[in-house]
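Heads up, the sequence shown is in the UniProt record's numbering, so the first residue is 1 and it goes up one at a time.
Using N, Cα and C, we set each Cβ at its ideal position, and we do this for glycine too.
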Amino acid sequence: MITTGQSIRCKAAVAWEAGKPLVMEEVEVAPPQKHEVRIKILFTSLCHTDVYFWEAKGQTPLFPRIFGHEAGGIVESVGEGVTDLQPGDHVLPIFTGECGDCPHCHSEESNMCDLLRINTERGGMIHDGESRFSINGKPIHHFLGTSTFSEYTVVHSGQVAKINPDAPLDKVCIVSCGLSTGLGATLNVAKPKKGQSVAIFGLGAVGLAAAEGARIAGASRIIGVDLNSQRFDQAKEFGVTEFVNPRDHDKPVQQVIAEMTNGGVDRSVECTGSVQAMIQAFECVHDGWGVAVLVGVPSKDDAFKTHPMNFLNERTLKGTFFGNYKPKTDIPGVVEKYMNKELELEKFITHTVPFSEINKAFDYMLKGESIRCIITMGA
Ligand code: NAD
Ligand code: ZN
């Protein structure tokens, strides 16, 4: 069946209202326009960011909307001007992009593309501001330019990473967001040397991916810090060797860690979003060489306060967006790490549901039961 240049009717899980279960609808997906590709999504997974914008407690609500940004699929057709992708390519859509032309894309150090950097407020495509999704002519908003809770979606080609066609999409789909954020925070930014100690603050999906990075880097000790002790059992499978629950101690956690490590850890990665944890993660690194990396997204009015002496004593504080990976250039290499058996993905996948039961994936995440739940399209 030739679909190129025509609208496709397919199933999508539409969020009509904040916090209400998604509804399976038949939607029309318009053909891709200039610099866009239409992708047949095969697997998608649920990330906290979807839940956060679906709950719409902290931002301007934008509904009806099709959420979803961690996914794997196959290119169905490409729009005008797309030269690096073609129908049949196996791809991961990514919530942030790489235009290839801006100062950030030209810089080796940055992945914060001017054109395609994450934009949570945008509900249409960059090319014309319009949506490619509709129901009976009524437009449905996009989310992060990806909207993967649909059997077909349209994405800017700068937000599409072409990957090894042999890679199982039901596993590598998780590489498109949380996994890479945590992994890259450790491997690309904290850069522990073999045998060094690493503290991970927050043992959710992002923190566990940061721990996986520490394991791959050959860290000798991986110290997990979390207020929720239930996270600790699971974290053992991710190579976390020791645990600290700040609630179990009378002294500041920085001091607890300094005592455990003879003066401080070599590297720390903060994956909580709590500003207290950010300060602790910085102050617990060893003077002279310690590096702390912030990943968590703080609240609007937070301020980071520490004594400047902590910097003068040669501690370094860094922050990262999407683990410093450039989506198109670097993400195919993360998939290769999995193919080479260097990176373990299976342990992150705790649940699987058919597309028709996508709301269950929300329940698992809200109850804190899942790390990642894979949603199988066409099922
Ligand atoms: P999560 O909620 O699953 O995990 C966070 C963990 O931190 C929980 O286990 C919680 O108990 C723990 N925690 C909270 N406050 C703490 C404290 N003060 N001390 C110790 N532990 C504490 O979240 P997640 O999905 O793993 O995401 C982690 C963070 O990463 C979030 O803030 C998220 O917004 C952020 N994030 C950042 C980027 C980026 O590019 N920088 C990308 C994706 C996610
Ligand atoms: Zn760019």
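Given this structure, state the Cα-to-Cα distance separating residue i from residue j, to the nearest angstrom.
i	j	result
residue 5	residue 76	10 Å
residue 232	residue 251	21 Å
residue 376	residue 261	44 Å
residue 21	residue 15	7 Å
residue 153	residue 47	18 Å
residue 298	residue 204	15 Å
residue 131	residue 80	17 Å
residue 362	residue 322	23 Å
residue 306	residue 264	16 Å
residue 332	residue 344	15 Å
residue 371	residue 365	7 Å
residue 114	residue 37	20 Å
residue 308	residue 94	37 Å
residue 315	residue 198	14 Å
residue 280	residue 239	22 Å
Identify which residue in the options has its Cα closest to the Cα of residue i.
i	options	result
residue 134	31, 231, 284, 228	31
residue 359	211, 34, 13	13
residue 18	328, 35, 63	63
residue 224	270, 141, 180, 323	270
residue 228	220, 246, 217	246
residue 385	289, 274, 161	This structure gives no information on residue 385, because the portion of the chain shown stretches from 1 to 379.
residue 236	249, 215, 255, 287	215
residue 192	222, 201, 208	222
residue 253	300, 309, 69, 201	201
residue 109	349, 324, 329	324
residue 180	196, 101, 209	209
residue 143	85, 355, 68	68
residue 369	230, 57, 78	230
Less than 8 Å between C-beta atoms, sequence neighbours within five positions excluded: which residues of the same chain meet that for residue i?
i	result
residue 116	96, 97, 98, 99, 126, 145, 156, 158, 159
residue 339	164, 166, 167
residue 353	360, 361, 373, 374, 375, 376
Name, in chain order, the residues that DSSP records as bridge partners for residue i.
i	result
residue 354	376
residue 420	In the structure displayed, the chain extends from 1 to 379; residue 420 sits before or after that span and is not available.
residue 156	36
residue 199	223, 268
residue 44	71, 375
residue 11	26
residue 78	37
residue 162	91
residue 150	12
Residues in its own chain within less than 7 Å of residue i by CB, not counting five upstream and five downstream?
i	result
residue 336	164
residue 112	104, 321
residue 8	29, 152
Which residues in the same chain have their Cβ closer than 6 Å to the Cβ of residue i, if we skip the five residues on either side of it in sequence?
i	result
residue 213	183, 186, 187
residue 190	267, 269, 291, 293
residue 302	275
residue 61	18
residue 169	42, 43, 72
Any alpha helix (DSSP H) of 4 or more consecutive residues that is wholly inside the segment 282-333 = 309-312
key: Segments of 3+ residues assigned as beta strand (DSSP E) that fall wholly inside the segment 204-269   = Listed in chain order, the complete beta strand (DSSP E) runs (minimum 3 residues) inside the segment 204-269 are 221-225, 242-244.
query = What residue ranges within the segment 90-123 form continuous beta strand (DSSP E) runs of no fewer than 3 residues, ordered along the chain?
reply = 90-93
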